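J.: Those sequence lines, one after another, are chains A and B. Sequential numbering from 1 applies to the first sequence in UniProt numbering. Sequential numbering from 1 applies to the second sequence in UniProt numbering.
Number of protein chains: 2
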Amino acid sequence: MTTLRIAEIFGPTIQGEGALIGEPTLFVRAGGCDYRCVWCDSMHAVDSAYRHTWTAMKPEAVWAELRRLSGDRPVTVSLSGGNPAIQDFGPLIALGRAAGYRFACETQGSVARPWFSDLDTLVLSPKPPSSGERVDWGTFADCVEAGRGARSTVMKIVVFDGADYAWAKEAHARHPELPLYLQPGNPEVDPQTPVDSQALADRLGWLTETAMADRWFAPRILPQLHVLIWGNRRGV
Amino acid sequence: MTTLRIAEIFGPTIQGEGALIGEPTLFVRAGGCDYRCVWCDSMHAVDSAYRHTWTAMKPEAVWAELRRLSGDRPVTVSLSGGNPAIQDFGPLIALGRAAGYRFACETQGSVARPWFSDLDTLVLSPKPPSSGERVDWGTFADCVEAGRGARSTVMKIVVFDGADYAWAKEAHARHPELPLYLQPGNPEVDPQTPVDSQALADRLGWLTETAMADRWFAPRILPQLHVLIWGNRRGV
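1. Which two residues bound the contiguous alpha helix (DSSP H) that contains tyrosine 165 of chain B?
2. Three-state secondary structure (DSSP) at threonine 37 of chain A?
3. Is the beta carbon of tyrosine 224 of chain A less than 8 Å from the beta carbon of glutamate 23 of chain A?
4. Do you know offhand how far aspartate 196 of chain B's Cα is from leucine 66 of chain A's?
5. When you check each C-beta in the stretch 6 to 32 of chain A against every C-beta of chain B, which residues fall closer than 7 Å?
6. Quick check: what's the CA-CA separation for proline 129 of chain A versus alanine 163 of chain A?
7. Out of A:Trp206, A:Leu228, A:Pro184, A:Thr208, point me to the one whose CA is closest to glycine 205 of chain B's CA.
8. Does the beta-carbon distance from proline 59 of chain A to threonine 2 of chain A come in below 8 Å?
9. Count the other CB atoms within 10 Å of the CB of residue 238 of chain B; is the residue buried (16 or more) or exposed (fewer)?
10. Can you grab the Cα-Cα spacing for the pair phenylalanine 160 of chain B / valine 111 of chain A, in whole Å?
11. Give the residues of chain A in contact with threonine 208 of chain B, contact being defined as C-beta atoms less than 8 Å apart.
12. Rounded C-beta distance between leucine 79 of chain B and valine 28 of chain B? I'm assuming under 8 Å.
13. Listed in chain order, which residues of the stretch 113 to 143 of chain B have Cβ atoms closer than 7 Å to some Cβ of chain A?
14. Taking the continuous beta strand (DSSP E) assigned at arginine 29 of chain A, which residues delimit it?
15. For glutamate 106 of chain A, count neighbouring Cβ atoms within 10 angstroms of its own Cβ and tell me buried if that reaches 16, exposed if not.
16. Which of helix, strand or coil does DSSP assign to serine 110 of chain B?
17. Nearest-angstrom Cα distance between aspartate 202 of chain A and glycine 231 of chain B?
18. At 4 residues or longer, and completely inside the stretch 168 to 218 of chain B: list those alpha helix (DSSP H) runs for me, N to C.
19. Helix, strand or coil, according to DSSP, for proline 223 of chain A in the structure here?
20. May I ask which residues mark the beginning and end of the alpha helix (DSSP H) holding proline 91 of chain A?
21. Please go through the stretch 38 to 90 of chain B and give each complete alpha helix (DSSP H) segment of 4 or more residues, from N-terminal end onward.
22. So the candidates are A:His175, A:Ala19, A:Ser125; which of them puts its Cα closest to the Cα of glycine 109 of chain A?
23. DSSP three-state label for serine 152 of chain A, please.
24. Kindly indicate which residue of B:Pro12, B:Arg73, B:Gln198, B:Arg5 has the alpha-carbon position closest to the one of leucine 26 of chain B.
25. Flag this pair as touching only if the stretch 141 to 148 of chain B and the stretch 208 to 223 of chain B have three or more C-beta atom pairs under 8 Å; answer yes or no.
26. Whose Cβ in chain B lies nearer than 8 Å to the Cβ of methionine 155 of chain A?
27. With distance defined between alpha-carbon atoms, name the residue in A:Pro219, A:Leu69, A:Ser117, A:Glu170 nearest to alanine 213 of chain B.
28. If the cut is a Cβ gap below 8 Å, which residues of chain B does leucine 66 of chain A touch?
29. What's the call for glycine 71 of chain B, buried or exposed, on a 16-neighbour Cβ count within 10 Å?
30. Using 8 Å as the limit for Cβ to Cβ distance, is leucine 204 of chain A near chain B?
31. Could you check whether leucine 222 of chain B and isoleucine 86 of chain B sit closer than 8 Å to each other, using their CB atoms as the reference points?
32. So if I threshold CB-CB distances at 9 Å, which residues from the stretch 210 to 221 of chain A count as touching chain B?
33. Considering only C-alpha positions, which residue in the set A:Gly81, A:Cys143, A:Ala7, A:Ile14 is nearest to histidine 52 of chain A?
34. Please return the same chain residues whose Cβ sits closer than 6 Å to the Cβ of aspartate 88 of chain A, not counting the five positions on each side in sequence.
35. So if I threshold CB-CB distances at 8 Å, which residues from the stretch 154 to 183 of chain B count as touching chain A?
36. Determine the contact status of glycine 31 of chain A and tryptophan 63 of chain A, defining contact as a CB-CB distance below 8 Å.
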């Protein structure tokens, strides 16, 4: 059976962002990514220079750790990364769902997987111009299609500036069927640097005021709560 | 036709708390309340000493103001207070829904109204012991029943301390069918006092860690974003 490359497993804590904000969650962060966003806040799970810190685990071993962390009480599991879609999380999802756990997956939409249909929540987060990456919208549509069996599929876009904002409107026009979540970008990703709460609040205020002045009421606009509470520390 | 007592109408801005957190929203704050929570953050809409600041408006006048603020673009309208359930918001809801606007209402669950069934989201927020109020659970159940036609009904509980936390678990046990949202209490409600972001973050951290250590995964746990962004100012 498949072996997974895992950067970290932690929780339970609350989901800090997006559609499931505030939801008690266990996090499985997959190692490895097909993107290199310039502002990536999880480079330790992306850059293969860190691969010696990743653990090769069978799905059964990941599942045993999730059961231990949750005290065997069913809870939501978030698969993130890196890009979890470059690996096969189908067997882990099958193990967890059989015990009543719910699964969410956060991926950029660059690789479609059959197991997207077994998720409770598929979060597709196409990367805006400020990332330095480019979205292949054909593959993105394949991901939406692969997730048709999921309980819900949503789109989340990080917005750093006006160009990203304009791009988010175009992305929503391509997929108006997906509930949309906007999140102000966080340029401070160094775990050693204290977070500037006022700057975080100001960026959320800017994005909110931009959309409201524009009378664009389609997206929900949310910050990263975990950064507000715990700063850029890992494992929380 | 009915006349409404309105403390303030403002927006659009994002909903700062609860099930619709991040959602672009117009706020209609009703004047008058049947409760006097000791930590009330909206006393200007509760205490009748402020009633000279409330405006008597026909539903048509409220609706005209909502259209003006939203530039005639359909958006979510939140009815709050005070306790909006002591007044008749049915005619306003009918006007707005006919134009594609969505309605949410936030009420403690002390008065049941037929128009609860016309809402998109009914938020019932029973008040915990720290409020100094006592919940009549029979009337609360009447409110749940009155809201059966709403698209969703949820429960939101403010938690100031360990006694409130224990009470929230009991409240959830009474109504496990209602999705539950917990919100850390905010003891700093003076609009003139600058907000202590670290204290807000610490209270969210405390509530999160309490529930996680307890392996209580039922509630979503969310802060008041508007306090983080705008402090305790009114009209934002």
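Just so you know, even glycine gets a beta-carbon here, dropped at the ideal spot from N, CA and C. None of these values were measured; they are calculated from a predicted model.
T.: The structure says:
1. 162 to 174
2. According to the sequence as given, residue 37 of chain A is cysteine; it is not threonine. The answer is coil: DSSP assigns cysteine 37 of chain A none of H, G, I, E or B.
3. Residue identity differs from the one stated: residue 224 of chain A is glutamine in this sequence, not tyrosine. Against a cut-off of 8 Å, the Cβ pair of glutamate 23 of chain A and glutamine 224 of chain A comes out as no contact.
4. Taking the straight line joining both Cα atoms gives about 36 Å.
5. Within the stretch 6 to 32 of chain A, the residues whose Cβ lies closer than 7 Å to some Cβ of chain B are Pro12, Thr13, Ile14, Ile21, Gly22, Glu23, Pro24, listed in chain order.
6. 7 Å
7. A:Leu228
8. yes
9. A query on residue 238 of chain B cannot be resolved here, the shown segment of chain B reaching from 1 to 236 and no further.
10. 45 Å
11. Thr13, Ile14, Ile229
12. 5 Å
13. If you check each beta-carbon in the stretch 113 to 143 of chain B against every beta-carbon of chain A, none falls closer than 7 Å.
14. 24 to 30 is the span of the beta strand (DSSP E), which, as asked, contains arginine 29 of chain A.
15. buried
16. coil
17. 12 Å
18. 197 to 213
19. coil
20. Counting along the chain, the alpha helix (DSSP H) containing proline 91 of chain A begins and ends at 90 to 98.
21. 59 to 70
22. A:Ser125
23. strand
24. B:Pro12
25. no
26. Within 8 Å Cβ-Cβ: nothing; methionine 155 of chain A doesn't reach chain B, min ~14 Å.
27. A:Leu69
28. Simply none; closest approach about 13 Å.
29. With fewer than 16 other CB atoms across the displayed protein chains lying within 10 angstroms of its CB, glycine 71 of chain B is exposed.
30. Interface residue, yes.
31. no
32. Ala211, Met212, Arg215, Trp216, Phe217, Ala218, Pro219, Arg220, Ile221
33. A:Ala7
34. Within the same chain, aspartate 88 of chain A has close Cβ partners Thr2.
35. Tyr181
36. no
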